[in-house]
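Chains as they are written, first to last, in this note's numbering: chain A, 20 to 367; chain B, 1174 to 1422. Inspection log for the structure reproduced underneath, given as structure tokens.
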Ligand SMILES: Nc1ncnc2c1ncn2[C@@H]1O[C@H](COP(=O)(O)OP(=O)(O)OP(=O)(O)O)[C@@H](O)[C@H]1O
Ligand SMILES: [Mg+2]
């Protein structure tokens, strides 16, 4: 099926307008609630208008699942920690979260699999941030070198609401991820911090779409990552200033470190403007480490391979440091520093 | 006569096809402190970089021997592992890598052994105290948002933790306020206590030298060492400048 479709197909990037995946799943039921803090209640709201980043085919697949979505709403200060534990085979789960007016809600999803497991994780997460709410979604991908994840995120912000997204792809043979966040309410905001690394012949396909509808809405998408061996990555970032979004500001920035020549690094920044008084920017730093930086670190005894490894880690650490939940932050740090990504793909 | 650590013979270095050093000789023994003085652009940093092995410079002639072995054959990190350290004029910033983790990796490379965290941390904090550094800097990203003076102190902190056999300090005192110069020279003095280690100090200020023991002073002008002497040469240059030496190059 087609996945991660650009909202406005372009002729410039012919075959990159969307990705392609053979992911298929007939059941779910892999999701566990690991921790729940604050005031959570079952949620009966309608999420059918919320679009996910993976696109229609994936949404249709998700809609066919037998299991009901996990649907919760939260008020006040609340935290939910979910674990998706892969087993062999594919499964798809659905999550719906509503953050009630003025709430401060954090949802953490740890998508994990034991090393060597070739399980496939499908996850569709839809979010509603009510007026003045701040909803933070953290997704950690650590499914081992054989695992695959296909993740769709969709959200809508009411007036002065904010959705923060942190996604960290630590490994995986194939990872499809992204977010589609509609900034409907005036003054609403979407912030995304994405960190990833891919080696061997692994593939990461990303799709971020932010339609601005409300006045003075803001978005800031930052993706930082490392590619090694013959890994491929495609990043699609669309900031869509629709009619009525006067005063809106959007920015997307990318920082990619290429460890060697065999990697494939593709980027499609798209800024659509149907309104005059808006500002959208795209910036990218794509490249290798500066000779000066390598010299500085080498002068402290580090061989070049270690310098690259450290710099790769530092990019992921910088994103991990933004995770608001301490337990998750520690787990990620341990995963990063313990099960280290060696240049030849073995774990140290 | 102390045991020889570093021996530079007839060294010529160029960068971007421009010849910078033209036949430099220098010998440094264990436990000695050497000072290199010279006008801007004379080639002082180039000399330090050639010893450290910067890829920006090409050695076009001569030899450098360190601990009896051919230094020029070695990669930068091997030189560091063998005991050479240079403090940078402009240390680089590394977001996402903490000062602690950076120094810990460096120490592991130097010693070839895993560092035990708690004794390491204790020693690090003690050295930071000696350098008047706020302990919270240990967990900050390397040099990110550090002031010029703080970066220089972080370099001296690395010097104290790495305990090299030969340290080259390239204008570690420039841009520092009076108190910071005093703090940095306290750090350098601490390093000098190890009688096995040698120092090459590149500077424009007599200030940092006033409280340090100096064995030998070399005047570098236009890529050549034009005069040498004991510590009194520092005072002479402070009074009269380099004019008397410039036509000798
Ligand atoms: N990487 C380089 N590429 C080209 N030229 C260089 C390079 N590095 C130094 N030079 C030139 O070589 C000369 C010596 O430079 P160097 O930095 O060694 O001087 P210095 O004695 O350290 O001066 P200062 O006291 O100003 O620090 C200068 O003319 C400089 O412009
Ligand atoms: Mg210099």
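Don't be surprised by glycine CBs; every beta carbon is placed ideally from N, CA and C. Just so you know, these numbers come straight off a predicted model, no measurement behind them.
C-beta neighbour in chain A for residue i, strict 9 Å
i: residue 1309 (chain B); result: no
i: residue 1261 (chain B); result: yes
i: residue 1340 (chain B); result: no
i: residue 1174 (chain B); result: For residue 1174 (chain B), the predicted model reports a pLDDT of 45, less than 50, meaning its position is unreliable; a value from the coordinates is still stated below. With 9 Å as the cut-off, residue 1174 (chain B) does not count as an interface residue toward chain A.
i: residue 1267 (chain B); result: yes
i: residue 1343 (chain B); result: no
i: residue 1402 (chain B); result: no
i: residue 1331 (chain B); result: yes
i: residue 1314 (chain B); result: yes
i: residue 1327 (chain B); result: no
i: residue 1227 (chain B); result: yes
i: residue 1187 (chain B); result: no
i: residue 1223 (chain B); result: no
i: residue 1258 (chain B); result: yes
Residue i beta carbon near ligand 1 (any heavy atom closer than 8 Å)
i: residue 1378 (chain B); result: no
i: residue 1436 (chain B); result: Outside the displayed range of chain B (1174 to 1422) lies residue 1436 (chain B), so it cannot be described from this structure.
i: residue 1270 (chain B); result: no
i: residue 1230 (chain B); result: yes
i: residue 1346 (chain B); result: no
i: residue 1406 (chain B); result: no
i: residue 1212 (chain B); result: yes
i: residue 1189 (chain B); result: yes
i: residue 1171 (chain B); result: Within the shown structure, residues of chain B are numbered from 1174 to 1422, placing residue 1171 (chain B) beyond reach of any answer.
i: residue 1244 (chain B); result: no
i: residue 1215 (chain B); result: yes
Backbone CA spacing between residue i and residue j [nearest angstrom]
i: residue 1380 (chain B); j: residue 1351 (chain B); result: 9 Å
i: residue 1202 (chain B); j: residue 212 (chain A); result: 53 Å
i: residue 389 (chain A); j: residue 1378 (chain B); result: This structure gives no information on residue 389 (chain A), because the portion of chain A shown stretches from 20 to 367.
i: residue 292 (chain A); j: residue 260 (chain A); result: 5 Å
i: residue 88 (chain A); j: residue 64 (chain A); result: 12 Å
i: residue 1200 (chain B); j: residue 275 (chain A); result: 45 Å
i: residue 1406 (chain B); j: residue 351 (chain A); result: 57 Å
i: residue 287 (chain A); j: residue 255 (chain A); result: 5 Å
i: residue 127 (chain A); j: residue 1383 (chain B); result: 58 Å
i: residue 1331 (chain B); j: residue 1310 (chain B); result: 13 Å
i: residue 1416 (chain B); j: residue 1211 (chain B); result: 10 Å
i: residue 134 (chain A); j: residue 214 (chain A); result: 20 Å
i: residue 157 (chain A); j: residue 175 (chain A); result: 16 Å
i: residue 282 (chain A); j: residue 218 (chain A); result: 9 Å
i: residue 1246 (chain B); j: residue 1338 (chain B); result: 19 Å
i: residue 361 (chain A); j: residue 333 (chain A); result: With a pLDDT of only 36 at residue 361 (chain A), under the threshold of 50, the placement of this residue in the model should not be trusted, and no figure is reported.
i: residue 319 (chain A); j: residue 1335 (chain B); result: 9 Å
i: residue 19 (chain A); j: residue 1270 (chain B); result: One cannot answer for residue 19 (chain A) here, as it falls past the ends of chain A, which runs 20 to 367.
i: residue 1328 (chain B); j: residue 112 (chain A); result: 51 Å
i: residue 1359 (chain B); j: residue 325 (chain A); result: 33 Å
i: residue 1280 (chain B); j: residue 173 (chain A); result: 47 Å
Test: residue i CB closer than 9 Å to a CB of chain B
i: residue 335 (chain A); result: yes
i: residue 329 (chain A); result: yes
i: residue 332 (chain A); result: yes
i: residue 242 (chain A); result: no
i: residue 346 (chain A); result: no
i: residue 211 (chain A); result: no
i: residue 359 (chain A); result: Because the pLDDT at residue 359 (chain A) is just 40, under 50, the model does not fix this residue reliably, and the value given afterwards should be weighed accordingly. Chain B, which has no Cβ nearer than 9 Å to the Cβ of residue 359 (chain A), makes this no.
i: residue 362 (chain A); result: Confidence at residue 362 (chain A) is low in this model, with a pLDDT of 32, below 50, so its placement is unreliable and no value can be given for it.
Element boundaries [beta strand (DSSP E), containing residue i]
i: residue 84 (chain A); result: Element bounds for residue 84 (chain A): n/a, residue is neither H nor E.
i: residue 128 (chain A); result: 123-131
i: residue 1200 (chain B); result: 1191-1202
i: residue 216 (chain A); result: 208-217
i: residue 160 (chain A); result: 153-161
i: residue 298 (chain A); result: 298-306
i: residue 225 (chain A); result: 222-231
Element boundaries [alpha helix (DSSP H), containing residue i]
i: residue 1278 (chain B); result: 1272-1284
i: residue 1219 (chain B); result: 1217-1225
i: residue 1249 (chain B); result: 1249-1254
i: residue 1184 (chain B); result: No alpha helix (DSSP H) contains residue 1184 (chain B), which is instead part of the beta strand (DSSP E) from 1177-1188.
i: residue 1363 (chain B); result: 1351-1365
Exercise. Under a criterion of Cβ closer than 7 Å to any non-hydrogen atom of ligand 2, which residues qualify, in chain order?
Worked result: B:1217, B:1218, B:1262, B:1343, B:1344 and B:1375
For this session: Determine which residues of the region 296-325 of chain A have a Cβ less than 7 Å from any Cβ of chain D, and write them out in chain order.
Result: Considering every chain present, this structure includes no chain D. Its protein chains are A and B.
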